[in-house]
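Here is the structure we will look at.
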Amino acid sequence: MPTSYVRYRPDLEVPFPDEEELTRQVVQAMLHANQQVAAKHRHGLRDAHAKSHGVLAGELRVLPDLPEHLAQGLFARPRTYPVVLRLSTAPGDLRSDQVPVQRGFALKVIGAEGPRAVEDGFTTQDFLLVNHPTLPFGNIAEYAKLQGLLEKQPQQSDQQLQRAGLAARAAAKALTAAHRPLPPAVETLAAANHNILGETFHSMAAVRYGDYVAKISAAPRSANVRSLTGKPVAKRDGESALRDIVTEFFRREGAEYELRAQLCTDVERMPVEDASVLWPEELSPHQSIAVLSFPAQEAYSDERRRWADDVLSFNPWHALEAHRPLGSIMRSRRRAYPRSSEFRHTYNGIAEHEPSSIDELPQ
Numbered sequence: 001m002p003t004s005y006v007r008y009r010p011d012l013e014v015p016f017p018d019e020e021e022l023t024r025q026v027v028q029a030m031l032h033a034n035q036q037v038a039a040k041h042r043h044g045l046r047d048a049h050a051k052s053h054g055v056l057a058g059e060l061r062v063l064p065d066l067p068e069h070l071a072q073g074l075f076a077r078p079r080t081y082p083v084v085l086r087l088s089t090a091p092g093d094l095r096s097d098q099v100p101v102q103r104g105f106a107l108k109v110i111g112a113e114g115p116r117a118v119e120d121g122f123t124t125q126d127f128l129l130v131n132h133p134t135l136p137f138g139n140i141a142e143y144a145k146l147q148g149l150l151e152k153q154p155q156q157s158d159q160q161l162q163r164a165g166l167a168a169r170a171a172a173k174a175l176t177a178a179h180r181p182l183p184p185a186v187e188t189l190a191a192a193n194h195n196i197l198g199e200t201f202h203s204m205a206a207v208r209y210g211d212y213v214a215k216i217s218a219a220p221r222s223a224n225v226r227s228l229t230g231k232p233v234a235k236r237d238g239e240s241a242l243r244d245i246v247t248e249f250f251r252r253e254g255a256e257y258e259l260r261a262q263l264c265t266d267v268e269r270m271p272v273e274d275a276s277v278l279w280p281e282e283l284s285p286h287q288s289i290a291v292l293s294f295p296a297q298e299a300y301s302d303e304r305r306r307w308a309d310d311v312l313s314f315n316p317w318h319a320l321e322a323h324r325p326l327g328s329i330m331r332s333r334r335r336a337y338p339r340s341s342e343f344r345h346t347y348n349g350i351a352e353h354e355p356s357s358i359d360e361l362p363q
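Be aware that the sequence shown starts at 1, since it is given in the UniProt record's numbering, and climbs by one per residue.
What follows is the structure in structure tokens.
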């Protein structure tokens, strides 16, 4: 029997009680964290994913002959788009790569033409992915609590964060063995420290997928990055281990990743408004929609790092209407991300810029 995919409609989103006030709290917490870190480094950083490990030029090739449910929006027909990829670490501060936290895979597709989710005049489509399938603080009320925790991190040392991660992994192991759910704080802190190039990355929250609703993911496709999955980062490799891993790899060879969509088939078991719920693969598997190809290149020149870290912004609302972000977390980001970007660019005296050509990426 053919799978029945949930059709997108605006009323799939249900505003959270006190959402406006909670969003205000999130924006304020992000701004406070921005200010603390800027004062510490005398330079404005992102409120999340402040530390980059590589900036790559590549291509997104939409697969040919996609079935109707996958041939949607950006992926409606076979086409090749230039992309910029920024690999990063989740905290809004510059932490040692020996601290096991979530890693990011921020993809900017250039030349995405069509009606926009927000009328910004851009022709980019951003997909912000993290190497964890869910966001433990999965609605705006829980997300506000998360921002409160993140406000405290600038005062914590790398050693304190490492100890917290060790305790969280021990707690997660014990709770999993007892078949008990993980508290959001434990799930957030219990990340493993693996080679970033072998990780699978997820949107965590839902997006519109043309006529349908999906979560997006990117998984290693070529054998050279698949072989790195689960490979620990060696302690001897130092505080910039991930940067060194990425730059040394791409000086020698290229890599491919598979971009995938997991379409919603049941709004009760695959909710739009709670990003903490793992969408069961037995209800809907991840399906390939495109190939991401990155040739060998100099992945982290000073010019690239400054351009990606200080000039660019990555925002899930840099999006086509066909891929509109969904759910209360994503709605809060519509206000929070531009405010954080404005602070960073103003503090550094650098104008924000959204690229219209891959030629703008420094070599």
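Every residue, glycine too, gets a C-beta built ideally from N, C-alpha and C.
Whole-angstrom distance between HIS43 and ASN348, CA atom to CA atom: Answer to the nearest angstrom: the Cα atoms are 6 Å apart.
Using a Cβ-Cβ cut-off of 7 Å (strictly less than) and excluding sequence neighbours within five positions of ALA192, which residues of its own chain qualify? The residues are PRO100.
Rounded C-beta distance between LEU12 and VAL207? I'm assuming under 8 Å. Contact flag wrong, Cβ pair sits at about 12 Å.
Same chain only: Cβ atoms within 7 Å of VAL267, ignoring 5 sequence neighbours per side: Once the five neighbours on either side are set aside, the close Cβ partners of VAL267 are VAL6, LEU12.
Taking 8 Å as the threshold, find out whether the region 23–43 comes into contact with the region 288–305 through three or more Cβ pairs. Result no; under three Cβ-Cβ pairs closer than 8 Å.
Is it the case that the region 108–127 contacts the region 38–52, given that we only count it when at least three CB pairs across the two stretches are under 8 Å? At 8 Å Cβ cutoff, the stretches do not touch.
Since GLU256 is in the beta strand (DSSP E), which residue starts that stretch and which ends it? 255–263 is the extent of the beta strand (DSSP E) around GLU256.
Going by the DSSP bridge assignment, what does ASP126 pair with across the sheet? Note: ASP126 sits in a beta bridge opposite LYS108.
Separation of TYR337 from ALA319, as counted between CA atoms: Each residue's alpha carbon lies about 13 Å from the other.
Distance between ALA178 and GLU321 (C-alpha atoms, nearest Å): Looking at the two C-alpha atoms, the distance is approximately 43 Å.
Three-state secondary structure (DSSP) at HIS53? In the structure shown, the three-state DSSP call for HIS53 is strand.
Nearest by alpha-carbon distance to ASP126: which of ALA234, GLU256, ASN315, ASP93 is it? With distances taken between Cα atoms, ASP126 lies closest to ASN315.
Can we say the region 59–75 touches the region 16–27, given the rule of at least three CB pairs closer than 8 Å? With contact defined as three or more Cβ pairs closer than 8 Å, the region 59–75 and the region 16–27 are not in contact.
Please give the ranges of any alpha helix (DSSP H) in the region 238–319, keeping only runs that are unbroken, at least 4 residues long and fully inside the region. The qualifying runs are 241–252, 302–306.
For PRO232, write down the residues that DSSP places opposite it in a beta bridge. According to DSSP, which records beta bridges pairwise, PRO232 is partnered with HIS194.
Under 7 Å Cβ to Cβ from LEU70, same chain only, skipping five residues before and after it: list those, please. Shown here for LEU70: same chain residues with a beta carbon closer than 7 Å to its own, the five before and five after excluded, namely ALA261, GLN287, ILE289 in chain order.
Interface flag, LEU45 vs chain D, CB-CB below 8 Å: Looking at the structure shown, chain D is missing, and only one protein chain is on hand.
Assigned exposure category for GLN363 - 16 Cβ within 10 Å defines buried: Classification for GLN363: exposed.
Can you grab the Cα-Cα spacing for the pair GLY92 / ALA112, in whole Å? Spanning the two alpha carbons is a distance of roughly 29 Å.
Assuming ILE329 contacts ALA205 under a Cβ cut-off of 8 Å, what Cβ separation, rounded to an integer in Å, is found between them? Indeed they touch by this definition, with Cβ atoms about 5 Å apart.
Using alpha carbons as the reference points, say which of LEU283, LEU361, GLU298 lies closest to SER4. Selected option, being the one with the closest Cα: LEU283.
Is LYS40 buried or exposed, if buried means 16 or more other CB atoms sit within 10 Å of its CB? Within 10 angstroms of the beta-carbon of LYS40 lie fewer than 16 other beta-carbons, which makes it exposed.
Output the distance between the C-alpha atoms of ARG46 and GLN28, rounded to the nearest integer angstrom. Cα to Cα, the separation comes out at about 14 Å.
DSSP three-state call for GLY73: helix, strand or coil? In the three-state scheme derived from DSSP, where H, G and I count as helix and E and B as strand, GLY73 is classed as helix.
Can you tell me the Cα-Cα spacing of ALA255 and TRP279, whole angstroms? Straight-line spacing of the CA atoms in ALA255 and TRP279 works out to 28 Å.
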